[in-house]
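As structure tokens, the structure follows; a few thoughts come after it.
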Amino acid sequence: MGRFKIVDRVKNVLKLAQGEYISPERIENVYLANNSMLTQGFVHGDSHQAYPVSIWGVDPILFAPFASQILNKTISPTDLDAVKAAGQDVRVRKAVQKELDKIGKQNKFNNWERVRGVHLEIEPFTIDNELLTPTLKLKRPQTAKKYRAVLDRLYEEALAEEEKKPRAKL
């Protein structure tokens, strides 16, 4: 019909391994709008991977009861060390992953738009660590550079999960 639809800024659009383009900012906004315990987000996709991975900032007040329920122990929202440790626990990360999968299905994300790896921190992005601009926009290249080891680990974990799944025989 001769119409244009603006999806995102050109420099924010990522191309994945299968040739699909994704808008990480749109994906982050959907996840953040539908999950109140997430406060900040960074969705990253490498051009040689088939899906994105993510780093999330969590609200300790809302995250502590969620993590307490999963770990079957009481975590105080004021005990930031315990909240950080809970965010690194594999069981908690998998539970957050399930929540994100539900949100992705509800919002009709394509398979390549759903994040497969999750890393949780209390406040990962600030102006002081130069990952946010003064107008509080995420500096994607600097963030990817700072968290490169984490992103690589998330991709390795996601690939290991894929290998565990049974494959259909043809």
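Just so it is clear: in the sequence shown, position 95 is 95 by the UniProt record's numbering, and no numbers are missing. Ideal Cβ positions, reconstructed from N, Cα and C, are used throughout, including at glycine.
Based on the DSSP secondary-structure assignment, which residues constitute the bridge partners of residue i?
| i | result |
| --- | --- |
| Val53 | His44 |
| Val118 | Ser54 |
| Leu14 | Ile22 |
What would DSSP say about residue i, mapped onto helix, strand or coil?
| i | result |
| --- | --- |
| Tyr31 | helix |
| Leu71 | helix |
| Lys165 | coil |
| Tyr21 | strand |
| Thr39 | strand |
| Leu131 | coil |
| Leu80 | helix |
| Leu159 | helix |
| Leu136 | coil |
| Asn111 | helix |
| Arg3 | coil |
Apart from the five residues on each side of it in sequence, which residues of its chain come closer than 8 angstroms, Cβ to Cβ, to residue i?
| i | result |
| --- | --- |
| Lys84 | Glu121, Ile122 |
| Glu157 | Gly117 |
| Glu99 | Asn35 |
Straight-line CA distance for residue i to residue j?
| i | j | result |
| --- | --- | --- |
| Ala95 | Arg3 | 41 angstroms |
| Ala50 | Lys105 | 18 angstroms |
| Ala67 | Ile75 | 7 angstroms |
| Lys139 | Thr133 | 7 angstroms |
| Gln97 | Asn129 | 26 angstroms |
| Lys165 | Pro141 | 33 angstroms |
| residue 236 | Arg91 | A query on residue 236 cannot be resolved here, the shown segment of the chain reaching from 1 to 170 and no further. |
| Ala149 | Asn107 | 30 angstroms |
Just confirm the distance between the C-beta atoms of residue i and residue j, as a whole number of angstroms; I'd bet it's less than 8 angstroms.
| i | j | result |
| --- | --- | --- |
| Ile103 | Tyr31 | 6 angstroms |
| Trp56 | Gln69 | Wrong, their Cβ atoms sit about 18 angstroms apart, outside the cutoff. |
| Leu154 | Val13 | With 8 angstroms as the limit, Leu154 and Val13 do not qualify as a contact, their Cβ atoms being about 21 angstroms apart. |
Got a sec? Which residues, its chain only, sit under 6 angstroms from residue i by beta carbon, not counting five neighbours each side?
| i | result |
| --- | --- |
| Thr143 | Phe42, Leu131 |
| Ala82 | Ile75 |
The ligand PLP and residue i: does the residue's C-beta get closer than 8 angstroms to at least one heavy atom of that ligand?
| i | result |
| --- | --- |
| Leu138 | Within the structure as shown, the ligand PLP is missing, as the structure has no ligands at all. |
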